[in-house]
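Visitor:
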Amino acid sequence: MNRKTNRASGQSVTVAPSAKRLKLGSSTTEESNNKSSWNAAMNKLKPAQREKVRQFTQFTNSNDRVAITCLNNSNWNVEMACDIFFQNPAVFMNMDNGGTDVSKVDTLFRSYANLPNDDVGPGRIGPNGMLKFLTDLRVDPTSRIVLILAWKLKAQTQCEFSADEFKNGLCAMRTDSIDKLRAKLPSLNDEVNNDAKSFRDLYSYAFNFGLNAKEKTLPIDVALAYWNMLFENRYSLYPVLEKFLYDRKQKGISRDQWNLVLDFMNDVKPDLSNYDTEGAWPVLLDEFVEYVREQQQKQ
């Protein structure tokens, strides 16, 4: 998302020369804490506005009150509303009962950034800082929750967090300490397990996250590592697909193959009885189905 220049000044922020100034006076703060007022405001929204609120809250991990405030001050332009939010997370987190102390987030970031053995440039958390961060969270570095955290923080590079990614991500999740973030992890897992759109968003993110610079295919070892995280105990056909890819000596996975593997897992029955050989499946999956049926005939 393109970032516009936003400036915070007291209780006003300017997004761009043509944008409105956002006023957050005492009456707004008071209203933001009045649940019934905001519920009433939601009920008055048109369907298109409700959809924009949904998009905003999902993208920022914020709530309806913050969404309506940002959207009202951006002429209901979702992109500009998100710009307002991410350039001024402290302002909007204070509107939530679980407000985040941005100074604590800054301190937390500094405790992991710029470690001596991390050659990732200034103002970044590198591999050693990341390991320390995960150790403090009591998280296995190979577990799915690490990928979920990277997704929530919108990390662009494996084993690294920029200052903006870390600070904006934690503020969006309304966490300003290791203990609060650790307590948040089960709900992040539940979101991915129970919401199909969140799972697909995470799945799509994983492909981009795993790509090497200037490469268009995911190395097979990376693809399998992410599939093992994402598909564990979810699809009974996946272990068979994994063996097939090993037997086939597959070297990489394209974006189209990656996306259609998820569709295949969701849409095709474990016995393959509804697989359409004339459908728009990639050759890889056609050959996988042939492989499974041959294995079944041998039994």
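At position 21 of the sequence shown the residue is numbered 21 (UniProt numbering), and the sequence of numbers has no breaks. We treat Cβ as the ideally placed atom computed from N, Cα and C, and that holds for glycine. These numbers were taken from a predicted model, which means no experiment stands behind them.
1) So, helix, strand or coil for S27, using DSSP?
2) Decide yes or no for the touch test of the stretch 183 to 196 against the stretch 140 to 149: beta carbon pairs closer than 8 Å, at least 3 of them.
3) Count the other CB atoms, across all protein chains shown, that sit within 10 Å of the CB of residue 305; report buried if there are 16 or more and exposed otherwise.
4) Going by C-alpha to C-alpha distance, which of V78, M42, F59 and Q49 sits closest to R65?
5) Rounded to a whole number of angstroms, what is the C-alpha to C-alpha distance between I84 and R50?
6) What residue from W281, T60, I145 and I68 has the CA that sits closest to A48's CA?
7) Using only CA atoms, which one of R174, R138, G121 and L260 lies nearest to F86?
8) Within a Cβ cutoff of 6 Å, which residues of the same chain sit near A223, ignoring the five residues on either side of it in sequence?
9) Does the structure place the stretch 100 to 119 close enough to the stretch 158 to 169 that three or more beta carbon pairs sit under 8 Å?
10) Under the DSSP definition of a beta bridge, which residues are partnered with R124?
11) How would you call Y246, buried or exposed, if buried means at least 16 neighbouring beta carbons within 10 angstroms?
12) I think M265 touches Y235, with their Cβ atoms under 8 Å apart; what is that distance to the nearest whole Å?
13) Excluding the 5 residues preceding and the 5 following N97 in the sequence, name in chain order all residues of the same chain whose CB lies nearer than 7 Å to its CB.
14) So, using beta-carbon positions, are K46 and L71 closer together than 7 Å?
15) Could you name the residues of the same chain whose beta carbon sits closer than 8 Å to that of Q158, not counting the 5 residues immediately before and after it, in chain order?
16) Could you compute how far the alpha carbon of L170 sits from the alpha carbon of I145?
17) Could you tell me whether the Cβ atoms of N61 and A206 are closer together than 7 Å?
18) In this structure, does DSSP put T69 in helix, strand or coil?
19) Could you pull out every residue in the same chain whose Cβ sits closer than 7 Å to the Cβ of R138, ignoring the five residues on either side in sequence?
20) Hey, quick one: how far does the beta strand (DSSP E) through T217 stretch, first residue to last?
21) What three-state label does DSSP hand S198 in the structure shown?
22) Can you have a look at A155 and say buried or exposed, based on whether 16 or more other CB atoms are within 10 angstroms of its CB?
Guide: In brief:
1) Within the sequence shown, numbered from 1, the residue matching residue 27 stands at position 27. Only weak support exists for where S27 lies, its pLDDT of 38 falling under 50; the value from the coordinates is given anyway. It is helical.
2) yes
3) No information on residue 305 is available, as it lies outside the stretch 1 to 299 that the chain covers here.
4) Within the sequence shown, the letter at position 65 stands for residue 65. Selected option, being the one with the closest Cα: M42.
5) Translated into positions along the sequence shown, residue 84 becomes position 84. Translated into positions along the sequence shown, residue 50 becomes position 50. Each residue's Cα considered, the two are about 19 Å apart.
6) In the sequence shown, residue 48 corresponds to position 48, counting from 1. Closest option to A48, Cα to Cα, is I68.
7) Walking along the sequence shown from the start, residue 86 turns up at place 86. Among R174, R138, G121 and L260, the Cα nearest to that of F86 belongs to R174.
8) Taking the sequence shown and counting its residues from 1, one reaches residue 223 at position 223. Cβ within range, chain order: I253.
9) yes
10) On the sequence shown, position 124 is the one that residue 124 refers to. For R124, which the question treats as bridged, DSSP gives the partners S162.
11) On the sequence shown, residue 246 is found 246 positions in, with the first residue counted as 1. By the neighbour-count rule (16 or more Cβ atoms within 10 Å), Y246 is not buried but exposed.
12) Counting from 1 along the sequence shown, the entry for residue 265 is found at position 265. Counting from 1 along the sequence shown, the entry for residue 235 is found at position 235. That pair is a contact at about 4 Å.
13) Stepping through the sequence shown from its first residue, residue 97 is reached at position 97. Because the pLDDT of N97 is 44, which lies under 50, any placement of that residue in the model is unreliable, and the question is left without a value.
14) If you number the sequence shown from 1, residue 46 lands on position 46. If you number the sequence shown from 1, residue 71 lands on position 71. No, these two residues do not count as a Cβ contact at 7 Å.
15) Along the sequence shown, one-based indexing puts residue 158 at 158. Excluding residues within five positions, the ones whose Cβ falls inside 8 Å are A150, F209 and G210.
16) To locate residue 170, count along the sequence shown from 1; it is residue 170. To locate residue 145, count along the sequence shown from 1; it is residue 145. The straight-line gap from Cα to Cα measures roughly 15 Å.
17) Working through the sequence shown from its first residue, we reach residue 61 at position 61. Working through the sequence shown from its first residue, we reach residue 206 at position 206. No, these two residues do not count as a Cβ contact at 7 Å.
18) Stepping through the sequence shown from its first residue, residue 69 is reached at position 69. Correct three-state label for T69: helix.
19) Position 138 of the sequence shown, counting from 1, holds the residue named residue 138. These residues qualify, in order along the chain: R182.
20) On the sequence shown, residue 217 is found 217 positions in, with the first residue counted as 1. Here the beta strand (DSSP E) through T217 covers T217 to P219.
21) As a working note, residue 198 is residue 198 in the sequence shown. Helix, per DSSP.
22) For the purposes of this step, residue 155 is identified with residue 155 of the sequence shown, where counting begins at 1. A155 is buried by the Cβ-count criterion.
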